[in-house]
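Novice: Each residue of the sequence shown is one higher than the last, beginning at 0 in numbering that gives the first Met the number 0. Yeah, the Cβ is synthetic: ideal placement off N, Cα and C, and Gly gets one too.
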Amino acid sequence: MTGDTKAEHLKRGEKDSAGCAISGIMSRHGVRFGCEQIVRAVANMRERANGLGGGFAAYGIYPEHKDRYALHLMYEQKPARRATEERLQTHCVIHHSEPIPTRSVAAIRRPPMLHRYFVSLKPRAQGRLADLAEEDSLVQVVMEINERQQGSFVFSSGKNMGVFKGLGYPEDIADFFCLEQYRGYIWTAHGRFPTNTTGWWGGAHPFGLLDCRA
Numbered sequence: 000m001t002g003d004t005k006a007e008h009l010k011r012g013e014k015d016s017a018g019c020a021i022s023g024i025m026s027r028h029g030v031r032f033g034c035e036q037i038v039r040a041v042a043n044m045r046e047r048a049n050g051l052g053g054g055f056a057a058y059g060i061y062p063e064h065k066d067r068y069a070l071h072l073m074y075e076q077k078p079a080r081r082a083t084e085e086r087l088q089t090h091c092v093i094h095h096s097e098p099i100p101t102r103s104v105a106a107i108r109r110p111p112m113l114h115r116y117f118v119s120l121k122p123r124a125q126g127r128l129a130d131l132a133e134e135d136s137l138v139q140v141v142m143e144i145n146e147r148q149q150g151s152f153v154f155s156s157g158k159n160m161g162v163f164k165g166l167g168y169p170e171d172i173a174d175f176f177c178l179e180q181y182r183g184y185i186w187t188a189h190g191r192f193p194t195n196t197t198g199w200w201g202g203a204h205p206f207g208l209l210d211c212r213a
């Protein structure tokens, strides 16, 4: 998927956009709610994106696994998945794993393989991660995969939260990831309008590391 460039929007006489589309909603009463409002909010800013990156982050969506790190991964091919799972098992206990639910959406083309894992770190009695705090150890595992494991990318790693993103407009990404299945306390949305870099699935916004997202 290539999408439209900013120059193509301007050539058609469309209004120049000042930046990306960003929106956020949270419950002040600690009640989980669905994605409908956040999807409508970011869809209203469609002119601030160009289809080269959109996504959502939500907190509170995995109550049944709330004490585990929820790792969302993209794979380019099956061998990358096998190698990454071997690397994960070196440092983590995988309590549950499954494909991330998706559906066919005409606007979303050639998505990577998408999988999620709910993990805890193994006791660090020995090894290079032994002197690190638990969260620092998990960061090292994520960075090791993203920097060294060809064809694999961790795009979400927090507890009881998840990032869902890819190449497309945010509302199409929401449809693709079946976001209506989730309920959370906080939702954020981002529609990217890259002007100097190419769009790719891992480079779509938002970015997430542990419980932080941007």
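1. Going by C-alpha distance, which of Tyr58, Gly52, Gly190 is nearest glycine 29?
2. Rounded to the nearest angstrom, what separates tyrosine 68 and arginine 81 at their Cα positions?
3. Which value, in whole angstroms, describes the spacing of the CA atoms of tyrosine 181 and glycine 157?
4. Would you kindly work out how many angstroms separate the C-alpha atoms of proline 100 and proline 122, rounded to a whole number?
5. With a cut-off of 8 Å, do at least 3 Cβ pairs link the stretch 83-95 to the stretch 154-174?
6. In three-state terms, what does DSSP make of valine 162?
7. Mapping the DSSP letters down to three states, classify alanine 124 as helix, strand or coil.
8. Which residue or residues does DSSP assign as beta-bridge partners of leucine 208?
9. DSSP has arginine 115 in a bridge; who is on the other side?
10. Give the secondary structure of histidine 189 by DSSP, where H, G and I count as helix, E and B as strand, and everything else as coil.
11. Who pairs with valine 153 in a beta bridge, going by DSSP?
Specialist: Let me lay it out:
1. Indexing the sequence shown from 1 puts residue 29 at position 30. Taking only the C-alpha atoms, the option nearest glycine 29 is Tyr58.
2. For the purposes of this step, residue 68 is taken as residue 69 along the sequence shown, with counting starting at 1. For the purposes of this step, residue 81 is taken as residue 82 along the sequence shown, with counting starting at 1. Taking the straight line joining both Cα atoms gives about 19 Å.
3. Start at 1 with the first residue of the sequence shown, and residue 181 comes out as number 182. Start at 1 with the first residue of the sequence shown, and residue 157 comes out as number 158. Distance between the alpha carbons of tyrosine 181 and glycine 157 is about 16 Å.
4. Numbered from its first residue, the sequence shown carries residue 100 at position 101. Numbered from its first residue, the sequence shown carries residue 122 at position 123. Going by the C-alpha atoms only, they are around 31 Å apart.
5. no
6. Here residue 162 refers to the residue found at position 163 when the sequence shown is read from its first residue. Looking at valine 162 - three-state DSSP - the assignment turns out to be strand.
7. The residue given as residue 124 occupies position 125 in the sequence shown. Confidence is the limiting factor: at alanine 124 the pLDDT is only 49, short of 50, which leaves the residue's position unreliable, though a coordinate-based value still follows. Coil, per DSSP.
8. Counted from its first residue, the sequence shown places residue 208 at position 209. DSSP lists Cys211 as partners of leucine 208.
9. Counting from one through the sequence shown, the residue named residue 115 turns up at place 116. In the DSSP output, where bridge partners are listed per residue, arginine 115 has His71, Glu97.
10. For the purposes of this step, residue 189 is taken as residue 190 along the sequence shown, with counting starting at 1. Residue state, collapsed to three classes: strand.
11. Reading the sequence shown from its first residue, position 154 is the one you call residue 153. According to DSSP, which records beta bridges pairwise, valine 153 is partnered with Leu72.
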